[in-house]
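Here's the structure we're looking at; comments come further down.
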Amino acid sequence: MKILLQALEILLRPYRQFLVVGSVAFVLGLASGLIYGWYIAPVEWIDAAPVDLRVDYRENYLRLLADAVRAGFLSLEDSADWLGQRWNPRDAAREIRRLAQTETDPARRDTMERLGEVWEQIPLPPAPAQRGGILFPCLIGLAVLVLVGIGGFWLLRRPFSTSLPRRLAPPPAPKGPPAAPLTPERPAPGEAYPATWLPPLSQHQVTYKLGDDHFDLSFALELPNGEFLGEYGVSISETIGVGDPAKVTAFEVWLFDKNDIKTVTKVLASEYAYRDAGLQARLRQKGDLMLASPGAILEIETRDLRLRARVVEMEYGTGALPPNSFFTRLTVDLAAWRKQENPS
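With the first letter of the sequence shown counted as 1, position 2 gets the number 22 in the numbering used here; the numbers rise by one all the way through.
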């Protein structure tokens, strides 16, 4: 079941922005329609047919017909015309005879009995030709909606350049005893990517600031013709301490390859998280660990894609927590290519 859900997410990933927009538009349209129909211009029922009246009103209507016939304002033969087109005279006859049994006025009861006898003698109108009821129009309408939906799906299949941060979780690391802490090695500053490479297909510079507790950005990677190749991004991976705002001690940088059907993740850790054995063990379950430092370059590769993340600038916070344990600011430059576009 989990594999099916992941496959469904992969298929819908390029179109999820449209799904969100469509769902919001549907809810807003439904709500506005209900408000208009219930409060602004509610339906008012007038000129209801006798057969559609409530039971007590329908009984009063039959009594009035009997009184009109008894008083001479209406003949027995013409009384059936006042039943309406949709009230079967024989059904009305049964109902007026039942009502006559509870009538205390002998004159009215006798008139009701005579009305029942006359209505029972009226020939039934020919039954209307059957047209399949409401099922056939519903099926036609459903087919039209499906065709419109398929057409709209193909017209809007080109994804936006950015998308919502929703991705497959990285595969769990194999279980085993935690490795010994690594000695941090600060990478030497380097260029974002070799000058001999072609320009990246997608490049974004993102900045985290203390207080942005929902920092989670993702970007679609696509060809100029709109073909979706994958997605990449950066988000909060681990926090330390308590209270608000959250104190971020590590970030995840990830790359999703549509053709590889997996997400590869690496972790940019603060100096404290990089040295601490407990944090190291927890962060390694998410991906390879790298010490964050100005100019440090992190590389991620999948079958067809390559991502380079360069730390442009960073600042550590101070306070009651250990030194160099959480970030107040981090700027990362992200650039992604197709592998075949550049030499390894």
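Glycine included, each C-beta is placed from N, C-alpha and C at the ideal position.
Residue i classed as buried or exposed, judged by whether at least 16 other C-beta atoms fall within 10 angstroms
i      : result
Trp58  : exposed
Trp65  : exposed
Lys306 : buried
Val44  : exposed
Pro157 : exposed
Asp296 : buried
Val15  : Residue numbering for the chain in the displayed model covers 21 to 364; residue 15 lies beyond these limits and cannot be assessed.
Thr122 : exposed
Coarse secondary structure for residue i, derived from DSSP in three states
i      : result
Ile281 : coil
Phe276 : strand
Thr351 : strand
Gly250 : strand
Gln223 : strand
Ile320 : strand
Asp98  : coil
Val40  : helix
Ile260 : strand
Ala356 : strand
Ala266 : coil
Phe239 : strand
Asp308 : strand
Ser181 : Low confidence applies to Ser181: its pLDDT is 37, below 50, so where it sits in the model is not reliable enough to give any reading.
Val71  : helix
Pro209 : Interpretation of Pro209 is limited by its pLDDT of 43, a score under 50 that renders its predicted location unreliable; the figure taken from the coordinates is listed afterwards. If DSSP states are grouped into helix, strand and coil, Pro209 belongs with coil.
Phe46  : helix
Own chain partners of residue i with C-beta closer than 8 Å, once the 5 adjacent residues on each side are dropped
i      : result
Arg349 : Thr227, Tyr228, Lys229, Leu230, Glu333, Met334 and Glu335
Ala69  : Gly104, Gln105, Arg106 and Trp107
Thr269 : Glu258, Thr259, Ile260, Ala289, Ser290, Tyr292, Ala293, Leu299, Ser345, Phe346 and Phe347
Assumed close pair residue i, residue j - CB separation to whole angstroms, cut-off 8 Å
i      : j      : result
Ala120 : Glu133 : 5 Å
Ile116 : Leu84  : In fact, because the Cβ distance is near 12 Å, the residues do not count as touching under 8 Å.
Trp107 : Val71  : 4 Å
Asp308 : Asp280 : The pair is not a contact, with the Cβ atoms about 17 Å apart (cut-off 8 Å).
The ligand FMN heavy atom lying under 7 Å from the CB of residue i
i      : result
Gly315 : Of the ligands one can find in the structure shown there are none, so the ligand FMN has no counterpart to examine.
Other residues of its chain near residue i: CB distance less than 6 Å, five sequence neighbours each side excluded
i      : result
Ser255 : Asp236 and Glu272
Tyr292 : Pro342, Asn344 and Ser345
Thr351 : Thr227, Val332 and Glu333
Cut-off 7 Å between Cβ atoms - residues of its own chain near residue i, not counting five sequence neighbours on either side
i      : result
Pro109 : Ala100, Leu103, Trp139 and Ile142
Minimum Cβ-Cβ distance from residue i to chain D less than 8 Å
i     : result
Leu50 : The structure shown contains no chain D; it holds only a single protein chain.
Three CB pairs or more closer than 8 Å across the region 281-294 and the region 227-243: no
Three or more C-beta pairs below 8 Å linking the region 318-332 and the region 294-304: no
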